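Quick note on numbering: our numbering labels position 83 of the sequence shown as 87, and the sequence is numbered without any gaps.
Data first, discussion second: the structure below is written as structure tokens.
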Amino acid sequence: LVSQELGLPAQAPSPPELPEVEPANGIVPHPAHLLLPEGNFRLAERAHVSGPVSLGPLLAHFNELTGLALAQDHDAEIHLIEAPLAPEAYQLSISPREIRIQAAGEAGWRHGLISLAQWALQHGESLPCLELTDAPRFGFRGIFLDCARHFHSIATIKRLLKQMSLYKFNRFHWHLTDDEGWRLEIRAFPQLTETGAWRGHGLAVGPQLSGGAEPYGGYYTQSEVRELVAYAAGLGISVIPEIDIPGHCHAAIKALPALLREEADHSRYLSVQYFDDNVLNPALPGTYEFLNKVMDEVCELFPGEQVHMGGDEVPTGVWTDSPACQQLMQQQGYQDCRELQGHLLRHCQQYLAARGKKMLGWEEILHGDKVSRDATIFAWTHFQAGLDAATSGYPVVMAPAQQLYLDQAYNQDVNEPGLYWAGPVSLEQVYACDPAPLDFHANDNILGVLSPLWSELVTSRDRLDYMLFPRLLATAEVAWSAPARKEWAHFAARLPGQLQILDQLQVRYRVPQR
Ligand code: TNX
5 LVSQELGLPA QAPSPPELPE VEPANGIVPH PAHLLLPEGN FRLAERAHVS GPVSLGPLLA
65 HFNELTGLAL AQDHDAEIHL IEAPLAPEAY QLSISPREIR IQAAGEAGWR HGLISLAQWA
125 LQHGESLPCL ELTDAPRFGF RGIFLDCARH FHSIATIKRL LKQMSLYKFN RFHWHLTDDE
185 GWRLEIRAFP QLTETGAWRG HGLAVGPQLS GGAEPYGGYY TQSEVRELVA YAAGLGISVI
245 PEIDIPGHCH AAIKALPALL REEADHSRYL SVQYFDDNVL NPALPGTYEF LNKVMDEVCE
305 LFPGEQVHMG GDEVPTGVWT DSPACQQLMQ QQGYQDCREL QGHLLRHCQQ YLAARGKKML
365 GWEEILHGDK VSRDATIFAW THFQAGLDAA TSGYPVVMAP AQQLYLDQAY NQDVNEPGLY
425 WAGPVSLEQV YACDPAPLDF HANDNILGVL SPLWSELVTS RDRLDYMLFP RLLATAEVAW
485 SAPARKEWAH FAARLPGQLQ ILDQLQVRYR VPQR
């Protein structure tokens, strides 16, 4: 059955089932099928690896993780072998004489090497023998980092990408713009980062408004972005940029008032985060001039197919007193203000489509019912929103705040850092998330999972580690492992071995408490 599920060739009858791995030393995410035959393999620090392609980058990553110095050579004891498996599937076999990793190509070999790296990090040079067959449950396995509320350096992001690769994530959702800062260099509008990437005391964007406080912030140059995207690709991770519009645009509006503000607009509103001037106006020509140029540069910078345009949390009351909006509504026969948001996002979707890209957005991009069914919906307010979107025929990424938000506190203890609006979110709650319940009829539309780390409160790398780990491991298993392979007690028993790995990688995780 396993071989059929994974698209593996039929095999000779497998050996009798041996007891599974002592959970204390296990692999996360839990593989689809695992046997532990007798014996051990001695892994030399400079062992040789053979393979049908040049393995340089794959081995460099393995060596960095494990501290070993594997090198490619024909005369080898570790073999990467081409086999007709599904693209991300792999088989890892460790026998006393040799190690074999079979896969259709790079993605599978990488997964196999990662499992081997976890095994080596836990067992040292004497590796217990292993027969492992594996493939992911979902194709979209993502981690999200908000780099707008607080700026995180390229070095910090690279470190996160390495950690993600150790748990077989393949999407990095990069939140690049928000009220508190615009972090992406856009050549057409230098003001966006000259002004919009900095803030001083309080929430005012721009060092000149800092009231004496040191300017704080930062941004990514286009060459840094290109380098990061290439770095991620080397780890099997594609980077999804997010330009969050039309809400969450305080920094952009402050930076480009002549283009983005309508003087005669007297609408009064307040965003959830207390901004009263953070929404783009869908009826201004300047808005389109701005967005088109931003999208041009984004499409060029990010080779992936997916571009996230935000769409979340547009406050009520916006646009009601805008002459330009009133005119557009009349012209188009719109009844509801929310149609203006749909109008703008439909433009973005079409503009991106003409450049070969697909638009992604938070669930509110459905407001006004104007985007077409190939927009991917990121469900965040609650689980049911994802099921509803999938039922309506949209592809969906599940990111329910109550289960997968890593900015929420782990528990209610007064000293526990984090937000609470959807929480607390314990390790066990993350683990319990099942993104595609067995009896749900539109499971085919559920692409996978995203765990976001919003960073209003993430002011340091230690805090980042603390909020992410070990919850990121639970998300990894939610995204990868089949429901039949997921059991909290088993995961909890495998955790100490993983924490030991995180110690070796100097990750400042939260020590799990009862
Ligand atoms: C809601 S989730 C937001 C963010 C906040 C987050 C805090 C979403 C699409 N929008 O702007 O940072 O809550 O948890």
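Beta carbons: idealized from backbone N, C-alpha and C, even for Gly.
Just so we're clear, the structure is a prediction, and the values are computed from it rather than from any experiment.
Taking a C-beta distance under 8 Å as the contact criterion, histidine 156 and glutamate 246 do not qualify as a contact pair. Glycine 397 sits away from histidine 371, with the two beta carbons spaced by 8 Å or more.
Inside the stretch 137-198, DSSP marks whole beta strand (DSSP E) runs of 3 or more residues at positions 144-150 and 175-179, from first to last along the chain. Annotation for threonine 160: Arg465 and Leu468 place their beta carbon closer than 8 Å to its own, counting only its chain and skipping 5 residues before and after. For tyrosine 409, the distance from the CB to the nearest heavy atom of the ligand TNX is below 7 Å.
Spatial neighbours of proline 61 in its own chain (CB-CB distance under 7 Å, excluding positions within 5 residues in sequence) are listed in chain order as Gly238. Its Cα nearest to that of leucine 476, the residue Ala403 stands out among Thr70, Val243, Ala403 and Ala108. Going by C-alpha positions, alanine 440 is about 12 Å away from threonine 395.
Annotation for valine 276: Glu317 place their beta carbon closer than 6 Å to its own, counting only its chain and skipping 5 residues before and after.
Contact between lysine 490 and histidine 37 fails: their C-beta atoms lie close to 14 Å from each other, not under 8 Å. In the pairwise beta carbon analysis, the stretch 401-420 is classified as not touching the stretch 500-510: fewer than three pairs are separated by under 8 Å.
If the five residues before and after alanine 192 are omitted, its C-beta is found closer than 6 Å to the C-beta atoms of Lys297, all from its own chain and listed in chain order.
By the Cβ test, the stretch 163-177 is not in contact with the stretch 218-225, since fewer than three Cβ pairs between them sit closer than 8 Å. Across the set Leu408, Arg145, Leu391 and Trp366, the C-alpha of Trp366 shows the shortest separation from the C-alpha of alanine 379. Annotation: glutamate 86 is outside any alpha helix (DSSP H); the continuous beta strand (DSSP E) that includes it extends over 82-86. Boundaries of the alpha helix (DSSP H) around alanine 497: 492-508. Per DSSP, the unbroken alpha helix (DSSP H) holding aspartate 300 starts and ends at 289-305.
Proximity to proline 319 across Leu364, Gln106, Tyr424 and His254 peaks at His254, based on C-alpha coordinates.
When distances are taken from the beta-carbon of aspartate 466 to the heavy atoms of the ligand TNX, even the shortest one reaches 7 Å or more. In the three-state scheme derived from DSSP, where H, G and I count as helix and E and B as strand, asparagine 67 is classed as helix. A straight line joining the alpha-carbon of glycine 185 with that of leucine 461 spans about 15 Å. Look at proline 33 here: in three-state DSSP terms it is coil, with no helix or strand label. Looking at the DSSP output, threonine 380 shares a beta bridge with Leu364. Under the DSSP assignment, arginine 467 falls in the alpha helix (DSSP H) whose first and last residues are 465-472. Between leucine 117 and isoleucine 98, the beta carbon gap of about 12 Å keeps them out of contact (Cβ cut-off 8 Å). Of the heavy atoms belonging to the ligand TNX, none sits nearer than 7 Å to the Cβ of tryptophan 186.
In the DSSP assignment, tyrosine 94 falls within the unbroken beta strand (DSSP E) covering 94-98. In the displayed model, phenylalanine 444 falls within coil according to three-state DSSP, outside both helix and strand. Counting every other CB atom within 10 Å of its CB across the protein chains shown gives serine 326 a total of 16 or more, marking it as buried. With a beta-carbon spacing of about 13 Å, phenylalanine 387 and leucine 454 fall beyond the 8 Å limit used to define contacts.
Taking C-beta atoms under 8 Å as the contact rule, phenylalanine 294 and leucine 264 qualify, at a distance of about 6 Å. Gly71 is the residue among Gly71, Ser54 and Leu59 whose C-alpha sits nearest the C-alpha of isoleucine 505. In this structure, the straight-line span from the alpha carbon of glutamate 135 to that of isoleucine 249 is close to 48 Å. Between valine 57 and alanine 80, the gap from beta carbon to beta carbon reaches 8 Å or more. For secondary structure counted as the alpha helix (DSSP H) over 4 or more consecutive residues, the stretch 254-291 holds these complete runs in sequence order: 254-259 and 261-264.
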